[in-house]
Amino acid sequence: MSDSSPKFYIIKKPEGICEILAAEQVEQKKDPYTVEIWGPFNSVDEAITRRVGLIRAGKCKPQ
């Protein structure tokens with residue numbers, strides 16, 4: 020049985036800002052300027068929680 024629920028990733032840009040994208044968006048963008056990627060996460064809520072942790076740890080800038 021395959022898991023068809025959407026997955027989400029946190030993408031860090033060169034400016035230091037991290038954005039949350041669905042897996043399909045990550046595949047479509049293929050941005051060469053992506054600094055770092057975290058995930059996959061099972062929900063947007065989980066990705067937001069992780070992004071807050073990355074901001075607190077100084078790995079991402081708040082938007």
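Taken in order, the sequence shown gives residues 20 to 82; the numbers are from my numbering.
Ideal Cβ positions, reconstructed from N, Cα and C, are used throughout, including at glycine.
Quantities reported herein were computed from a predicted structural model and do not represent experimental measurements.
Simplified DSSP state of residue i, which is helix, strand or coil
i, result
"Lys32", "coil"
"Gly77", "coil"
Sequence-distant residues of the same chain with beta carbon closer than 8 Å to residue i, five excluded per side
i, result
"Met20", "Low per-residue confidence applies at Met20: pLDDT is 42, beneath 50, and the placement is therefore not dependable, though the value from the model is reported in the following sentence. So no residue of the chain qualifies."
Same chain, Cβ closer than 7 Å to residue i, neighbours up to 5 away in sequence not counted
i, result
"Pro81", "Ile74"
"Gly35", "Cys79, Lys80"
"Cys37", "Ile29, Ile30, Lys31, Arg70, Leu73, Cys79"
"Ala41", "Pro25, Phe27"
Residue nearest to residue i in terms of C-alpha spacing, selected from the options
i, options, result
"Gln44", "Tyr28, Ala66, Ser62", "Tyr28"
Residue i vs residue j beta-carbon contact at 9 Å
i, j, result
"Lys31", "Ile67", "no"
Stretch-stretch touch, CB-based, cutoff 8 Å, three pairs: the segment 72–81 with the segment 45–52: They do not touch, by the three-pair rule.
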